[in-house]
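Take the sequence shown: its position 301, counting from 1, is numbered 439 in the numbering used here, and each next residue is one higher.
Each residue gets a CB set at the ideal place from its N, CA and C atoms; glycine is no exception.
Values in this document were obtained by computation on a predicted structure and should not be read as measured data.
To keep things clear, I will list the structure first and then write my remarks on it.
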Amino acid sequence: MKQNKRKICAGAAAVLLLTCVCGADAAAADAPKNKPHQTTDTLFSVGSVSKIYVTAAAMQLADQGKLDIDAPVTDYIPEFRMADSRYKDITVRMLMNHRSGLMGSYYSNDILLDDRSAVPHDSFLQHLSTERLKAAPGAYGAYCNDGFELLEQVVEHVSGENFTDYIENHICKPLALEQTGTPWNAFQTDEQTRVFQNRQETAPDYCMTIGEGGVLATAKELCTFGSAFFTGNSVLLSEKAKDEMRTRQDNDPYEDGFGLGWDSVSDSDYAAAGVQIICKGGDLDYQHAGLVVAPDEQISVAVLSSGGSSSANEQLAKALMDIALEEKGIVISHVQPEKLRTLDTVPDAYLQYEGLYAADRDLFQLSFPEKRYLEMTCLTNPDADPMRYLYTEQDSFVKVYGNAAKGEAVQPADSQDILGFAERDGTVYLTAASVSGDALRGYHRAPAEYQAQKIGENPVSEAAQAAWDARSGKKWYLCGDCASSVMYAGEPSVKFRTDVSGYAGNLKIKDSTHAESMLQIPSTVSRDQSDLEIVTENGREYLIMSALGTRYLSEDAIGELPKDLTAVELTTGEAVWYNNGSDASRSVRLDIPANAAVYVYDKRDRMIYSSCMKHYGENIPLPANGKVVFIGETGSTVGLQQN
């Protein structure tokens, strides 16, 4: 193993990319005498790359004859239940290829700041027992965190070990990994990467649902783990198991192309050179990972970062993969966008596709004005400009900028977005593909995938519509998570609009207090769904997303922070929110007890202060028209000294 000579550090201390390239013939590099704070031996949370670890664990048990991946999950977890009888059809394989039909992700207290909790793991089966499925098991693939948390529990039931011990005994020891583990056995902050919120150093984030995102590793050891999937390497898995993992699990060209655990098991640019690469990305809020492996060429590339994103890390990993392949005499050529020949008229056959479409969060109106171009208008975001696409000789639609109605539109030179239509099981879908460029790899292609589905009207009673219209555009603030939950640091509020009758955002209104998720898009666009319920307690409205495990308080129930307030009493599971008021000169000093936290936001709900920040100082500004939230346990009190 060798550290790539092109170690990249970007953005002062806020973003550090650590890269390691591992080849079959690479030798260990000598450690430098003056080791910097962050190196390829620094510990990071690898986020969803953890899914490869739990998949490898399941496949090890399959190699040993202890687990049949095509058997129902209930064979291994008899207590697994759901409020949807179809759960009995979920197989272990479906957990690994994202085809279980589970709603997506249970986010309640799953990622914590400098904290550990067994509650997300221990309460998971109880949570599932109250939930429905979004699709029949096996119907289609849509990225699903919950499937891998359930897989973690399958591994525990079959092996008789908790998952932390399983990783240590059956993955780390065989590979001689000494800096890989979970928050339960790798929780030494002096060895871990520094992370930042708004350029302020903060406590590190840990995922407590280990199978879906909780593994920690160094860049060097993640790279070594990737080498376990090389052809001929039998340290962890048989060739049969590794081949199964790197085989595409669907036969629809518009689906995501998952393997078992892997996000992607093919890339057309590499396939053109006879190379298969398998890829997995991972994101927590502040730590990100990318792992790219060429099994037959025996190259493993791992990129970890504090800040950034897994997509950026994967692009860097692929750029390094290109260099490593070129050293072996294999040159990868990446496609460049070519200007497509466009036509003035849209064929009549496409007019049937006009109408209302639902995507991951929004609703769109699709039309063909005077049959000259395709226009998409976002109905749930009135501030967004309409998008326009010209029909091409390739029987597709390419995005253009300018005045399409006057024939003055142009295709951008450095990117290309292409739309098409597909029908599956009687439903019309919009598909999208792109070619884009970056400074690392030049141009790269994203294959055409399902992006939106055509939907119809949803007639509801006047009373139901009026109830939801009264809530349209208002904000709802997170209030049910614990003090260490990272969700307060991300997007503390949600909102929806009812610009389309019968819909709250992209959910179908059922009655005055319920809206139902109805996406059936065979792709990751359908991930992380939940029905909505409005409940009223003590005269205050709350929005509940049960499948996500989140609870929000209406902005109407939030009062102004009293200027004479000196203490805030806390209640477990009920965050205390205040408006800051219009005075821009206010500030506060805080006395925060253990197991409590305070966050301050500006008027756009952007976090400016967190008590998890390490060196912020004592005097905390309260931005005009912003908000402040206090979170903690019953019996605790936060002291305030307002200035």
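DSSP assignment within the segment 254-281 yields the following whole alpha helix (DSSP H) runs of 4 residues or more, N-terminal first: 257-260, 262-266. Looking only at E675, F502, Y690, the smallest Cα-Cα distance to I682 is reached by Y690. When the Cα atoms are used, Y424 and V598 turn out to be separated by approximately 42 Å. Following the DSSP letters along the chain, one finds I461 inside the alpha helix (DSSP H) bounded by residues 448-465. Y539 and P507 have their C-alpha atoms some 16 Å from each other. Exposed is the label assigned to G697, since fewer than 16 other Cβ atoms lie within 10 Å of its Cβ. The three-state secondary structure of G419, taken from DSSP, is strand. No Cβ-Cβ contact shorter than 8 Å links K358 with V296.
With contacts defined as CB atoms closer than 8 Å, L512 and L504 qualify as a contacting pair.
Cβ neighbours of S238 within its own chain (closer than 7 Å, five residues either side excluded): I228, M232, P275, C282, G285. Taking a 10 Å sphere around the C-beta of L703, we find fewer than 16 other C-beta atoms and assign the residue as exposed. Assignment of beta-bridge partners to Q387 by DSSP yields no partner.
DSSP places W606 in no beta strand (DSSP E) but in the uninterrupted alpha helix (DSSP H) bounded by 600-607.
For the pair of segments examined, the segment 525-536 was found to touch the segment 550-557: the number of CB pairs separated by less than 8 Å reaches three.
Pairing A457 with V469, the inter-Cα distance amounts to about 12 Å.
The Cβ atoms of A462 and R510 do not sit closer than 8 Å to each other.
Among the bridge pairs identified by DSSP, T710 is matched with none.
Residues N247 of the same chain have their beta carbon placed closer than 6 Å to that of S623, with the five preceding and five following residues left out of the count. Inter-segment contact for the segment 260-269 and the segment 307-320 is absent: fewer than three beta-carbon pairs are separated by less than 8 Å. Around the Cβ of A256, a 10 Å sphere holds fewer than 16 other Cβ atoms; the residue is exposed. Within the segment 582-665, the complete beta strand (DSSP E) segments of 3 residues or longer fall at 614-616, 645-649, 652-654, listed in chain order. Closest in C-alpha terms to S723, from the list E465, N757, E693, Y214, comes N757. By the Cβ criterion, the segment 335-348 is in contact with the segment 413-424, since at least three pairs of Cβ atoms, one from each stretch, lie closer than 8 Å. Boundaries for C361: no beta strand (DSSP E) harbours it, while the alpha helix (DSSP H) harbouring it runs 357-365, taken from the DSSP string. For Y191, the enclosing alpha helix (DSSP H) has its first and last residue at 188-201. Counting along the chain, no beta strand (DSSP E) covers G242, and no H or E run does either.
Between the segment 204-216 and the segment 366-378 there are fewer than three inter-stretch CB-CB distances shorter than 8 Å, so the stretches are not counted as touching.
Boundaries around R231 are those of the alpha helix (DSSP H), 230-234, since no beta strand (DSSP E) includes it.
The residues C617, G618, in chain order, have a CB closer than 8 Å to that of E712 in the same chain once the five nearest residues on each side in sequence are set aside.
By the 16-neighbour rule on beta-carbons within 10 angstroms, H236 is buried. In the structure shown, C516 adopts extended strand secondary structure according to DSSP, grouped into three states. For K418 against G399, the beta-carbon gap comes to about 7 Å, under 8 Å, which counts as contact. Beyond the five residues adjoining it in sequence on each side, P216 comes within less than 7 Å, by CB distance, of no other residue in the same chain. Residue W614 holds the alpha-carbon nearest to the alpha-carbon of R678 among S449, E294, W614.
Under the three-state reduction of DSSP, F768 is assigned to strand. Short of 8 Å from the beta carbon of L645, and not among the five residues preceding or following it, lie these beta carbons of its own chain, in chain order: F634, A653, E654, S655, M656, D669, L670.
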